[in-house]
Each structure stands twice: as structure tokens, then as C-alpha cells.
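Residues in the sequence shown are numbered from 941 upward in steps of one, following the numbering used here.
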Amino acid sequence: MKERVKKLFIICYLLLLSGFIYAQQLPLYSQYMMNGFLVNPAMAGSDGYTTASLTTRDHWLGFENSPKTYAISLQSRILWQKSRVTRKTPGYSGSLSKKSGRVGLGGYIFNDKNALVNRTGFQFSYAYHLFIRNTQLSFGLAASAFQFKIDESKLDPRDPEPLLAEGFDNLIYVPDFTFGVYLLNRRSFLGLSAAQLFQTRIRVGQENVDYRMKRHYYLMGGYRFDTGNDTELEPSFLLKGTELGFIQTDVNLKLIYKEFYWAGISYRTQTSVGLLLGGKAGKFYFGYAFDYNLSNIRKYTFGSHEINLAVKFGDNSRRYRWLIRY
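Structure, rendered in C-alpha cells:
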């Protein structure tokens, strides 16, 4: 009986280290609007660009085996040449050639390390975009899978755990789906997505201890105000919730200068305050976020750091200029 309780404790401990039981089971991002595609599949190709992005995040810098997240993504709008007649007279026909398309495609691979737990996976997204007057309405569906692995190399070999020695299943594959809806116009955006729709069950150990992935819900929104002098002010939020009863809100305020540079502050409820910085040069975009922890853990860490790099391709006929935002 004592051995069974010990095994159960080890499993729960490993899952707690990965942030699985009482909080989120998915990675956190501070500069989520730089690559919102990681949160909502409906954003794939929503701006008309072809975008390649790299996101790295180091949580609680200074801790050994602190959480780390890496993601590489590629997304694009599928556009084709379309012509329409603008004027027709005897002996003359004039037409305007333009590009159009309603389908967006994207994918990303990620690695999320959290103490002994390592998750590596991918996601492929399909989005469909409609225009309602000056607003774009998008729907997205994504298929994903990741590898859930316990890193036994980080355990103390001088004190082996019976659970691992008896054939602990340290490598598990988890498939799932994500659905999203996204509204976007020149001044505002609003999105809702639900991840881990299948709530896939994970079984670890010989004691048949089951753990189910819970649905995660994301609600994001923001509005951009023209403040004059080539500046704009954008308040935004990201509400995150799970079926475990965990709810967290990110509230951001960002100042944008000439669409080239931005700086802002953020607050994550009961967790951290942060600084947001970014800019662009031609087709290249850069973003940095620093989160200062508000809990007692701040005494032992140098905060969390996130870096975002992106390059966007597309000529003038591809770009929906009123959609440009970070």
C-alpha cells in the first residue's frame, strides 16, 4: 500500500512540475499579438502576408531546469490572380487584375520543457476568411499532436524510483484539435479559440493512473486609438481559462509610433507585470517581453524573458493594408 501511494505521489509530482494539474497545460506567451496564430488557428493568413516566426521564452531565469518554450511557425494566405471587367465599349475592354483568396494555411512545431517533463509537437491549421463590409471574419481548425516525455536523465541514479524501474511509460503521444473564430478590422480585433477539444487521456505507470488533457479557452480583444503625432494607443487583453476552473487574464497597453516601433506594459493577474518592446525594419519584425514575477518566487529568479522574430513576405497586391498590426 505504501509503495502504491509513493508511485502515485511521484506521478502527481511530475505532472505538477509541468504545470498540468491546477493551471494551464499549454505554453504561455506575452507578445501573443506578434504571433497570435499560436493561440488561435483562425489567424492563419489573416493579414495577407506569408510570415515565418520564431518565438523563444525562458521562464524564471536563474532556476535550474526552469520552463523553456520554443516555437517555429509558418503561415500564409492562399491567393490567386483574379480579373474583372471595369469598362466595356465597342472595340475596347478594360479590366483590373487583382489577387484574392479566402483560405489561410499555417503550421508550427514547438518544444516545451518544464523540469522533468518535455513536450515536442506540431500543429497544422486551416483558416477560412470572409469580408463583411470593412470587417474580416475568420474561422480556423487545427490538428495537433505532441510527444509527452519524462526525462529520466535528470533523475538521481543513486536513488532510483521503483515506478521508473518497473517500466514507467515515459513516452506518450497525444493527438488533439483546436478551433477558433477571429474578427478583425483596421481599429479592433476580437478572437475566441478552444484548444485540446478531444481532452485526450494520458495513462502513466503500471498503476493505471489516468490524466486527461483539459480544454483551454482563449478570448482576446483590443482596440487601436489614433492619438495624433504619428502615434497610436492600443489596449488589449487575453483571457485564458480551463475546465479545471483556472482563469488568468493578461491586460496590455501599447504605444505605437509610425507603425514601426512600439512599447508597452502588461499585467498578468496574480502572477506578473511586464514590459513589451518591439519594432520592424523592412520585412523584419522584432519583439521582446520581460515579466517580473509578483509571487515569492521573485526572490530567486531574474524574471521571464521572451523574444519574437518574424519576417513577412508579400507585395502590395497581397497586403490588406488596413489589417497591418503587430
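The beta-carbon is built from N, C-alpha and C at its ideal position, and this holds for glycine as well.
- S1065 is a Cβ neighbour of P981, given a cutoff of 8 Å.
- The DSSP-derived three-state label of R1155 is coil.
- As for any beta strand (DSSP E) of minimum length 3 sitting wholly inside the region 1153-1191, the runs are 1156-1163, 1165-1168 and 1171-1182, ordered along the chain.
- Excluding five sequence positions before and after G1243, the CB atoms of its chain that fall closer than 7 Å to its own CB belong to L1001, F1230, D1231, Y1232 and N1233, given in chain order.
- In this structure, F1177 sits near V1191, with a CB-CB distance shorter than 8 Å.
- In this structure, DSSP gives F1138 a state outside helix and strand, which the three-state scheme calls coil.
- Rounded to whole angstroms, the gap between the alpha carbons of K1252 and Q1015 is 10 Å.
- Proximity to R1238 across V979, H999 and G985 peaks at H999, based on C-alpha coordinates.
- The beta-carbon separation of E1246 and R997, rounded to 4 Å, stays under the 8 Å limit for a contact.
- A check of alpha carbon separations from V1043 across N1005, P967, I1205 and F1079 identifies F1079 as the nearest.
- In this structure, DSSP gives N1054 an extended state, which the three-state scheme calls strand.
- With respect to the 8 Å criterion, A984 and G1046 are classified as neighbours on the basis of their beta carbons.
- For A1085, the uninterrupted beta strand (DSSP E) segment begins and ends at T1075 to I1090.
- Annotation: I1012 to A1085 spans about 15 Å, alpha carbon to alpha carbon.
- In this structure S993 touches A1250 by the C-beta definition: roughly 4 Å separates them, less than 8 Å.
- Annotation: the continuous beta strand (DSSP E) that includes A1229 extends over F1224 to N1233.
- Around the Cβ of Q1136, a 10 Å sphere holds 16 or more other Cβ atoms; the residue is buried.
- DSSP places G1046 in the strand class (E or B) of the three-state scheme.
- Bounds of the beta strand (DSSP E) holding E1246 are S1244 to F1253.
- When the five nearest sequence neighbours on each side are left out, the beta carbons in the same chain lying within less than 6 Å of the beta carbon of M1160 are those of G1131 and L1178, in order along the chain.
- The C-beta distance from N975 to T990 rounds to 14 Å, too long to meet the 8 Å contact threshold.
- Counted as a single uninterrupted DSSP element, the beta strand (DSSP E) harbouring R1208 occupies residues Y1201 to R1208.
- In the DSSP assignment, S986 falls outside any beta strand (DSSP E) and carries neither an H nor an E.
- Cβ contact annotation for T1075 (same chain, cutoff 8 Å, sequence separation greater than five): L1123, L1124 and N1125, in chain order.
- Per DSSP, T1118 is one residue of the beta strand (DSSP E) stretching across L1111 to L1124.
- Listed in chain order, the non-local C-beta contacts of N1058 below 6 Å within the same chain comprise K1089 and D1091, local neighbours out to five positions each way being set aside.
- Contact between L978 and Y1048 holds, with the beta-carbon distance rounding to 7 Å and staying under 8 Å.
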